[in-house]
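Protein chains in written order, with UniProt numbering: chain V, 1 to 779; chain Y, 1 to 144; chain D, 1 to 138; chain L, 1 to 157; chain W, 1 to 115; chain X, 1 to 89; chain G, 1 to 505. All residues carry an ideal CB built from backbone N, CA and C; glycine is no exception. Remember, it's a predicted structure, so these values are computed and weren't measured experimentally. Working notes, structure below.
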Ligand code: NA
Ligand code: NA
């Protein structure tokens, strides 16, 4: 089963370090057999999926209670993505084994990239919304670890965090969107939801749901204005860039949008948003690419451009656009993977990533330059490569767009020009022209490194030459993602001279010109730097700073270290909540009679006087004595109101407390009057509010309806069943003995605490190991 | 160095200690029927020792009571806990009181009484633990 | 008859207590105030406890009432002694009308030594008694 | 001491033998026990002086209560009348009492009688420092105190 | 009596809170003492106060003749007093140790652990 | 409640107020301690009267404990003073 | 009726008492620590099993019939909490064997630990409101003593705030109990619920509900009542922090769940609306507090606050699914949070500091520790498929189904910021090179035996996290059954008071 395969893939990943110990440098190549096997298996499904047009269903339960299944289903889209992921994955593994040969962290790298591969596979095959999200987030985390692979480098860590933060932020929006989708569609199965488009599009939650889902997709696939993390992610080792940032992870967002097209697509909102965002991204990517000399950055921005294109195509959403979408997707994965690996080869062999520092490498590395050229031509959309077909279909779709046709066309045209320039920069600049001295003496890379790009470049070429082989696949895929009808698709290199071809030709010429004047263009663009600095990335930085600022501000405001503020806040909350409930939820009844003897009133007065005096006294021990008076008065109250046990306890406790306080206060400083008058006033208000609250509550309870007591039972049964005449004591040791048990434990705990505080001081400065001091001899 | 107590206080302490202890036992055993009980009795006993402590000092107190107050706490807790178990033996919920008549003297013994004795020991031990620790640090301030 | 005596005792006790408190409030210095408190309060409590004994007229309760009297007579003077001594030694100011003070010259506030002023006659005997004897008259 | 123990024992024996466990009966038993011991005293050396003690004690209590009441009135009078008649002062009173218990007993008695308050005993235990309220006639006061001490110590002879 | 107690308890609580809001630790502890006393009184008096009828069964009877004061709040208060005593002795010593360690009575100087 | 008893109770509680006044005024710590000590002694008396008034002998136990234990507070204070604690504190 | 329900309370009480009796013997104390907590764990397993099989179990302490004595009640929530107490207790006990110094042991560390567990278990099992107060106090005073053990300056400062604010909470609780008894004349919670139903319409019910809300809110460290927690949790020895982090606030949360499902469920439009606000603000303020910190344990402490918000959110939404989410969240959180603190302790042991600025290089030197950190850290942040994800997912789904979009947004945002904090720790302590690297070896030597002892509980708890994640179904079913019980309080009442009980005059 595929699920088992994916899950065992994770296990395999975990064992990579162990394997590495046994197999050494060959590990990567051997591990590549695993995705290769998956490719084979997927190809075995081809007849069913592509030939018969029936998706393959692989049912598996997970958490049925939460409607989460691990069911996979393989339709055209799934198969296409699955093949790309596993296929390019295998190549990347082989490539990385060589690229990172001897690197101490190679085993860890293999762990993460294999885990990433499996997450990606799970993502594109999952049928369940939640499972999809699970794998989605796993790709974020694993890609985080990959971008930060050079973890001792601050910029790598920063880039990793940026990528993670943006994609996870989007991921959380996605989660909300998926939940809304599940709730609105009353199903958690993607396949099922695809059949419920009508209902979903009409649902109240449609707009928020769509916004959330698109946020997830846009961030993941680096759509404007979230595109900035992708070029920064080039801090990752090149195999990672080749894999994550061309073929797989960034395409997850695209995949999702394609997947949701049948359920949610086609509305005004969908079309407008996707085509506009896609178009803008397309242009932004291309435009920003041209500014850079770092080959990986160039490629990264051109990836942004491609992602924008794909989104735009989904937005346009016509059958043609969807066909273009699938073709372009496939073409891009192939050439971009190849180009990144070439970039890695250049970096690996020359020791630099700067295109301007290279030149004339064609002589030193002919194979590489050939591969680069083929891939770049595909990128540029030059016949007879697959990229050309993709671009032509794209331009054709734009011309058929229902909204913003002109704008989109303009953007596509300019993007095409710039892309051609980029392709030229990447494929011509390093290899042609005069030979330059590079930090490392360049030569052809090992075969393992060439294998990947070569395979991909050849595939680009072959599929461009024989596009008909893709017809069924594209047709099935397009049918699966919401084309009105599962039309028979016929991909062809030559459609005759039509408008798209003319546009392409013009673009080719202008692109070439741009390439020739590239250095000057760059110099011109440098003037825009201040503007760029205010781009979305600045926004991201501002958000990050704001988070920390707000956090610090909040901490200063709330967790300010002043106990009295904490207390006052706590009490105000209490008084506020209780007061609100008291006055707004309750009609207070105060019905009571005052039945007091003078001496009782005097005792109560003394109690108050003791307490107030304790507050007013300038001297500590006088305050203690005043508290003593209060305590004795309370004991007297207990005597007057039939509680001899309480009276005894109260006065014993009072006496012992005084003794304790006196023993302790001896060492302490005198009272100091530390607060300002305004503070005292504030405190007085808080204190009075609390006091008044308590009084009112008591009066309300005393005046309101009161129910019979359970204590009547105790009074009746204390002697017959409890064998005791002192009912309070019977309650303490029998009826509610558990309370008493807890209470003596409290007392014992307090004693241990006191003892430990007084006799045990761990922190001898400098010493880490605390020592007990004379633990045996004191009582 | 200040002397522990004065002659008059010492004599008073020597007299009052047995008196107070006796009274505390009285309060303990009679607590089920009249005001009193383990807690009150324990506090009285602790007060008695506190007086002795003030009069004669820490060393004299330790010499007199011999066991560590912390042991009293542990024993008391254990005793109180054990008193809950006989009920379990009888198949009743924990804490269900069991009453026995001690043959010769006809005294009614019970698990609540054992429980109360545990309370007594804990209270006495806890207060003494705190007091002796305080006095001990009071004695040599430089240690702090 | 018993009722009258009882009520008389209660009232007398209450009055003595009131006087004690009045004395505490009125008298001019610590030591004179202590005179009022120690005795009058003891007397007041004693009288009231006698009333209690008369009222309940039950051996167990009478014993308890006498217990209260005895205990208060045992503890009140001790407390008075301790506070008075402490108050005096830490330098509580005596009333202006105080006529004589035989203690002050014999007291060393630094060492807390209190001489009798008669050491010269019997230094030897004093040495022998430095350690308090165990046991007492009974 | 032995006498008291015997008396107690006889009292309990009486209670047990009569089968009446009330407090009143115990009191009766104690009285009968005392009488029996008083009769026995000349024959048993250990009981020497036992019979004399209870009457002395009762006499002493009477004396003490009288002093307590009278002197209290004197202080009370001074407290309630606005001017001060008192002439307070601290005097040193030589002690005849020797044992700790005796000294403490005397000192406490002195404290309980109004007008005088024991402050402390000198370190050599020869002198009791007393705060007195009425030093109008010091000699009379001193002799009164000496009388009190004598009567108190007589209880232990 | 209960209404009067209600007012008294309110004042007691107010005093307690006021003391706890001071900056001096000693005052804080005194505030804690007032606080627990006030709470105990509240339990005691909210249940109703009865004069001269302690919850004792007279000798020879199976249950008290006539009504008695409610024993249950008394038992609760007793438990609460004991707990409060334990907690208070702990806090008292804590305050002393805090003073020894921090060397300040001013709670405002004890805010290193927060920010 | 018989008048005499009521009167005595009122008298004694007023006496408590006077005692409290001394405690409030001070001026020195020993003065306050004396006041506290007197306070507790007077409570013993009050308990006696309440016991008579309500016919509850069990209250005497409270009085006994008071008589036996309450003076401990004074001893604690005295100890504080003797060990050099400031008397005006 | 099953008297053995008391075992999870009695076992730690006995262990504590025995440990105290043997306070002179370190070996004995260590033995009791392991044996006692293992017994507690076993009793927890037994209890959960018994409750799942037989429904709500009740035992009337002392054999007194229901509203008169104290009832111990084990429903599913209670049993789950007891089991978690056992797990955490056992893990911390093992960890303590290696991490707690001789001095701490000599001055009562182990008895305090047992008694803390006893207080916690007591609070989970009692069916009596005043008895709940008592167990709160047992737990609280034990925590006081544990907090100050060692008497360091920071401990003292933290303890003063901790003690004061927690005592405030106890007093509010006590006032509420006093008023409640005055009003309804009973203490048995089932009986209270029944009697309060009679008083419906009497606004005092809502007033009392507010008092309980604040009292338990303080214990649970909810906004804006959490100040005591960040002020103190990072000061004691780390095993203590871990114990506190796992259990203490959750007792407050448990009490909120208990009281607001059993007793105060009649006007959810009022009470639970307030809880909802509290939940949202708690999540947000906690996580922001953490964002401002740069010390391992302080970050973790603030995150306790924020996570408490999620749990309260479950209660506040008051739908079946929300309660399921809340219960699930509690289960997940206790394990994960304890584990993170334990890991912070290992880091401290290895590197001698909690300060992220001074830490670094652990990923390179101790990759196993890095993995062990990532599991709970990512789980805390709600990354799938770890336990935290399901917890968060259920709560969020419940919130969306309840159309509480504002709080959903907060919950999601807080998830993101939680990840931010965890990543901060990861990047600073694990990825970054240590500022002290290059010196010969500035770090304390740690023996292998010690590392095994501190590592074993961490691994075990991480396995729990993974198991809950990968095999969420049984846990979900458990939470669902527990929520089902919570939402039908009449079953609780019937179990405690008997089938046809009425308010007895
Ligand atoms: Na006069
Ligand atoms: Na006198």
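Pull the bridge partners of residue i from the DSSP assignment, please.
i, result
"residue 113(D)", "108(D)"
"residue 118(L)", "130(L)"
"residue 93(D)", "Looking at the DSSP assignment, residue 93(D) forms no beta bridge with any residue, so it has no partner."
"residue 101(D)", "90(L)"
"residue 126(V)", "72(V)"
Residue i and residue j: beta carbons closer than 8 angstroms?
i, j, result
"residue 257(G)", "residue 77(G)", "yes"
"residue 145(Y)", "residue 72(X)", "This structure leaves residue 145(Y) out entirely; chain Y is present only between 1 and 144."
"residue 457(G)", "residue 159(G)", "no"
"residue 371(G)", "residue 75(Y)", "no"
"residue 309(V)", "residue 328(V)", "yes"
"residue 40(G)", "residue 12(G)", "yes"
"residue 233(V)", "residue 341(V)", "no"
Runs of alpha helix (DSSP H) lying entirely within the stretch 162-248 of chain V, each at least 4 residues, in chain order: With a minimum length of 4 residues, the continuous alpha helix (DSSP H) runs that stay inside the stretch 162-248 of chain V are 190-194, 197-202, 206-220, 229-232 and 238-242.
Under 8 angstroms: do the stretch 102-117 of chain V and the stretch 514-521 of chain V share three or more Cβ pairs, one atom per stretch? Between the stretch 102-117 of chain V and the stretch 514-521 of chain V, the count of C-beta pairs closer than 8 angstroms stays below three; the two stretches do not touch.
Against chain V, which members of the stretch 24-38 of chain Y pass a CB distance test of less than 9 angstroms? Per Cβ criterion, the list reads 27, 30, 31, 32, 33, 34, 35, 36, 37 and 38.
Which complete alpha helix (DSSP H) runs does the stretch 351-378 of chain G hold, if anything under 4 residues is left out? With a minimum length of 4 residues, the unbroken runs of alpha helix (DSSP H) contained wholly in the stretch 351-378 of chain G fall at 362-365.
What alpha helix (DSSP H) runs, 4 residues minimum, are completely inside the stretch 279-353 of chain V? Those alpha helix (DSSP H) runs which fall completely within the stretch 279-353 of chain V and span 4+ residues are 295-316 and 319-350.
Using a Cβ-Cβ cut-off of less than 8 angstroms, give me the residues of the stretch 37-66 of chain D that come near chain Y, in sequence order. Sequence-ordered contacts of the stretch 37-66 of chain D with chain Y are nonexistent [C-beta pairs closer than 8 angstroms].
Stretch-stretch touch, CB-based, cutoff 8 angstroms, three pairs: the stretch 89-101 of chain W with the stretch 18-32 of chain W: Taking a cut-off of 8 angstroms for Cβ pairs, the stretch 89-101 of chain W and the stretch 18-32 of chain W touch, as three or more such pairs fall below it.
Three-pair Cβ contact test at 8 angstroms for the stretch 121-131 of chain G versus the stretch 65-74 of chain G: As far as the Cβ criterion goes, the stretch 121-131 of chain G touches the stretch 65-74 of chain G, which means the pair count is three or higher.
Pairing CB atoms from the stretch 360-380 of chain V with CB atoms from the stretch 332-339 of chain V, are three or more of them under 8 angstroms? Result yes; three or more Cβ-Cβ pairs closer than 8 angstroms.
With 7 angstroms as the limit, tell me which residues of the stretch 575-598 of chain V have their beta carbon closer than that to any beta carbon of chain W; keep them in chain order. Within the stretch 575-598 of chain V, the qualifying residues are 592, 594, 595 and 596.
Using 8 angstroms as the threshold, is the stretch 27-34 of chain Y in touch with the stretch 724-741 of chain V, meaning 3 or more CB pairs across them? Yes, the stretch 27-34 of chain Y is in contact with the stretch 724-741 of chain V.
Any residues in the stretch 106-124 of chain L with a beta carbon nearer than 8 angstroms to a beta carbon of chain Y? Which ones, in chain order? Correct list: 107, 108, 118, 120 and 121.
Give me the subset of the stretch 47-65 of chain Y whose CB atoms are less than 7 angstroms from a CB atom of chain X, sorted by chain position. The stretch 47-65 of chain Y vs chain X, Cβ under 7 angstroms: 47, 50, 51 and 54.
Using a Cβ distance threshold of 8 angstroms, determine whether the stretch 73-90 of chain V contacts the stretch 34-50 of chain V, with at least three qualifying pairs required. Contact holds: three or more Cβ-Cβ distances are below 8 angstroms.
Which runs of the alpha helix (DSSP H) spanning at least 4 residues fall entirely within the stretch 445-479 of chain V, listed in chain order? 447-465, all fully within the stretch 445-479 of chain V.
Which runs of the alpha helix (DSSP H) fall wholly inside the stretch 34-70 of chain Y and span at least 4 residues, in chain order? Qualifying alpha helix (DSSP H) stretches, in chain order: 38-56 and 58-65.
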